[in-house]
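In my numbering, the protein residues as written are 1 to 109. Don't be surprised by glycine CBs; every beta carbon is placed ideally from N, CA and C. What follows is a short report on a single structure.
This is the structure we're talking about:
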């Protein structure tokens with residue numbers, strides 16, 4: 001994760017937040033991006049809504065229209081099936097009893 005230029009600030013901020021030895025876990029950055037995509041969708045929909053409950057589908061639709069969202073794991077755009085077009089992958093292996101990343105980068109589609 002730290003090898004991604006887009007994640008460097010996230011990694012630094014997380015480390016300085018005082019969580020001690022607890023890392024952000026394997027999917028922490030993805031969860032962070034996911035939450036921010038949801039927040040952006042709600043920020044676009046809810047100010048124009050009469051009620052939160054009746055806006056659920058509009059929020060889902062806004063998430064589906066996400067395009068060019070610059071997150072810590074890279075740029076996200078969703079296809080017609082709701083899948084991200086971001087193909088960044090990190091592979092890990094155990095070295096000396098600890099997980100070590102051996103590859104981070106885009107993979108072919």
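State whether the segment 60-68 contacts the segment 38-52, with contact taken as three or more CB pairs (one from each stretch) at a distance under 8 Å. Three or more pairs of CB atoms, one per stretch, sit closer than 8 Å, so the segment 60-68 contacts the segment 38-52.
When the Cβ atoms of the segment 43-56 are set against those of the segment 80-88, are three or more pairs found closer than 8 Å? Contact fails: fewer than three Cβ-Cβ distances are below 8 Å.
If you check the beta carbons only, do residue 72 and residue 7 fall under 8 Å apart? As a working note, residue 72 is residue 72 in the chain shown. As a working note, residue 7 is residue 7 in the chain shown. In this structure, residue 7 lies closer than 8 Å to residue 72 by Cβ.
Identify the continuous alpha helix (DSSP H) that holds residue 63 and give its terminal residues. Your numbering for residue 63 matches position 63 in the chain shown. Segment 56-64, the alpha helix (DSSP H) holding residue 63.
Give the straight-line distance between the Cα atoms of residue 32 and residue 59, rounded to the nearest whole angstrom. One-based indexing of the chain shown puts residue 32 at position 32. One-based indexing of the chain shown puts residue 59 at position 59. Roughly 18 Å between the two C-alpha positions.
By DSSP, does residue 49 sit in helix, in strand, or in coil? In the chain shown, counting from the first residue as 1, residue 49 sits at position 49. Three-state result, residue 49: coil.
Buried or exposed for residue 70, going by 16 or more other Cβ atoms inside 10 Å? For the purposes of this step, residue 70 is taken as the residue at position 70 of the chain shown. Residue 70 is exposed by the Cβ-count criterion.
Which whole-angstrom value is the C-beta distance of residue 55 and residue 45, which I expect to be below 8 Å? Taking the chain shown and counting its residues from 1, the one referred to as residue 55 is at position 55. Taking the chain shown and counting its residues from 1, the one referred to as residue 45 is at position 45. Contact holds; Cβ gap of about 5 Å.
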